[in-house]
Structure formats: C-alpha cells, structure tokens
Amino acid sequence: MIEILTFTLGPASTNAYLLANPETGETISIDPAWDGHLILNAAKDRGWRITNIWLTHGHFDHLAGGAAVADGSNPPPPVSLHPDDYWWWRNEGGAPFFGLRIDPGPEPTIDLAHGMTMFLGAHSIEVRHAPGHTKGHVMFYLPADKICFCGDVIFQNSIGRTDLPGGDYDTLIESIRTQVLTLPDDIRLLSGHGPETTVGQERRYNSFLQGARSK
Ligand SMILES: [Zn+2]
Ligand SMILES: [Zn+2]
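First residue of the sequence shown: 4, per this note's numbering; consecutive thereafter.
Written as structure tokens, this is what we have:
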C-alpha cells in the first residue's frame with residue numbers, strides 16, 4: 004500500500020505531500036511548499052528516503068521548502084517540473100510579487116510532459132497537463148490508488164486563481180473539463196489548498212463548474 008502524508012505549510016497554507024512506498028522507503032515529495040525541514044524530518048522519522056521532488060507548478064508557495072529537502076537528502080533528489088513553468092522557478096516562484104524572497108532550491112532537471120507515466124514501486128502515476136492557473140501546471144494521477152494530486156487546478160467548491168501571469172480562466176475551465184471531470188467520481192482530489200474532495204463531489208456541487216460538464 005502506498006502511504007500519503009499531508010502537511011499544510013507557509014504563508015498561503017499550501018498542502019505539501021509525501022507519497023511513500025513503505026516497503027522500500029522510496030518517497031516522493033510533491034510540492035514541498037515551505038518549512039522543508041518539517042517534511043524531511045517526517046520522512047526520516049518513518050525511515051523513508053526522499054528520492055524525487057515533483058512540482059505541480061512553479062509558484063513559490065509550492066516549492067519554497069525544496070531547498071531544505073534537497074540539502075538534507077543524500078543524494079539530493081532531482082526536481083521535476085513542466086518546462087512551461089520554468090519561468091516561474093527562475094523568478095523565485097513569483098515570491099517577489101508578494102513582497103517575499105525565497106530560495107527556489109535545486110534547478111529542475113526532469114521535464115514533465117502530458118501523458119508521461121512515472122512509477123513509485125509498482126504504482127503507476129500519470130502526468131496530466133492542466134494549464135490555466137499557470138501555463139505549465141500538471142496533475143499527478145494514480146489510477147489504481149484512486150488519487151489525483153491536482154495542485155491549484157481545482158479545490159473543494161473552488162478553482163485556481165487565473166489573475167497571475169500566464170493564468171487564463173477559459174483555459175482553466177477547459178483543463179478541468181478534459182483532465183478532471185473525465186476521471187471517475189470516486190477519485191480523491193488532493194489539492195494544493197484546503198481539504199480533500201472527490202471528482203464526484205466537485206462534478207455535482209462545485210459552483211464554478213456549472214455548464215462545464217465533461218462530454
Ligand atoms: Zn499556484
Ligand atoms: Zn497555491
């Protein structure tokens with residue numbers, strides 16, 4: 004069984020996740036949002052090794068803990084990001100727009116692309132490009148485990164903001180229609196902010212999606 008730890012960290016109350024294969028200790032840090040030492044220590048306490056950092060997108064509140072996670076891991080885990088969000092990474096994830104400075108951590112070396120399949124042990128993870136909040140936003144979908152890490156695409160009864168550079172409302176709605184609402188109702192959505200929800204719940208009740216039904 005795969006194990007998930009959730010942390011809510013930093014000035015934007017961002018959800019960071021550890022996705023672990025407890026049999027091997029191999030662990031992926033998804034969106035090391037802030038306070039990387041907390042993420043690192045939680046992994047170490049369980050005997051887990053962080054072998055990869057995967058970013059849903061390049062905003063600072065999703066990656067500011069990556070430097071500490073990488074510094075405390077041997078070897079430092081490679082960082083994966085969609086190339087359309089490298090601009091954000093190079094600009095401290097946009098932290099200066101909000102009057103903040105951060106260390107964006109190690110440079111991404113693995114380019115995420117729509118349709119890529121990645122593995123944690125025997126668990127397959129599909130990369131789904133879902134632009135609109137940012138141009139290079141991706142989601143990580145584990146079909147067998149019925150989980151989707153959806154970042155800032157969709158939240159419980161809300162959707163990602165589209166007023167930052169590269170954001171586009173119509174693109175986001177189209178991404179939700181084609182990349183989220185096409186998933187089965189019982190898929191758990193683990194978002195970048197706020198509580199966990201499901202595809203079915205958002206399909207029925209998300210007030211931003213009326214008229215955005217999947218075909
Ligand atoms: Zn964001
Ligand atoms: Zn966010």
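We put the beta carbon where it would ideally sit given N, CA and C, even for glycine. If you're wondering where the values come from, they're calculated on a predicted model, not measured in any experiment.
Query                                                                                                                                                         : Result
For M142, is the classification buried or exposed, using 16 other Cβ atoms within 10 angstroms of its Cβ as the cut-off for buried?                           : buried
What do you get for F10, buried or exposed, if any count of 16 or more other CB atoms within 10 angstroms of its CB means buried?                             : buried
Could you work out which residue in F63, G97, D173 and H140 is closest to S16 when comparing CA atoms only?                                                   : F63
What residues are listed by DSSP as bridge partners for L89?                                                                                                  : Note that residue 89 is Tyr in the sequence shown here, rather than Leu. BP columns for Y89 are empty, so no partner.
Does chain B have any CB closer than 8 Å to the CB of A70?                                                                                                    : In the structure shown, chain B does not exist; there is a single protein chain.
Among residues of its own chain, excluding the 5 on either side of K218, which ones have a beta-carbon nearer than 6 Å to its beta-carbon?                    : A caution first: K218 carries a pLDDT of 47, below 50, which makes its placement in the model too unreliable to give a value.
Are there three or more Cβ pairs, one per stretch, closer than 8 Å when the segment 86–95 is compared with the segment 38–54?                                 : no
Report the residue from G197, M119 and L192 whose alpha carbon sits nearest the alpha carbon of Q204.                                                         : L192
Starting from L184, follow the beta strand (DSSP E) in both directions and report where the run begins and ends.                                              : Per DSSP, L184 belongs to no beta strand (DSSP E) and is neither H nor E.
Here's a check: name, in chain order, each residue in its chain whose Cβ is nearer than 7 Å to the Cβ of G28, leaving out the five neighbours to either side. : G50, W51 and R52
Can you list, in chain order, the residues of its chain whose CB lies under 6 Å from that of I128, leaving out five sequence neighbours each side?            : M121, F143 and L145
From G169, V72, D171 and F152, pick the residue whose C-alpha is nearest to that of P107; which is it?                                                        : V72
Below 8 Å, can you find three or more Cβ-Cβ pairs linking the segment 164–175 to the segment 72–82?                                                           : no
By Cβ distance below 6 Å, which residues in the same chain neighbour S83 in space, the five residues on each side in sequence not counted?                    : W57, I113 and L115
Is it buried or exposed for P99, if we count other Cβ within 10 angstroms and need 16 for buried?                                                             : exposed
Measure the C-alpha to C-alpha separation of L212 and R206 and round it to an integer number of angstroms.                                                    : 7 Å
For H85, verify whether its CB is less than 7 Å away from any heavy atom of ligand 1.                                                                         : no
List the DSSP bridge partners of C153.                                                                                                                        : According to DSSP, which records beta bridges pairwise, C153 is partnered with nothing at all.
At the level of alpha carbons, what is the spacing between P14 and I157?                                                                                      : 19 Å
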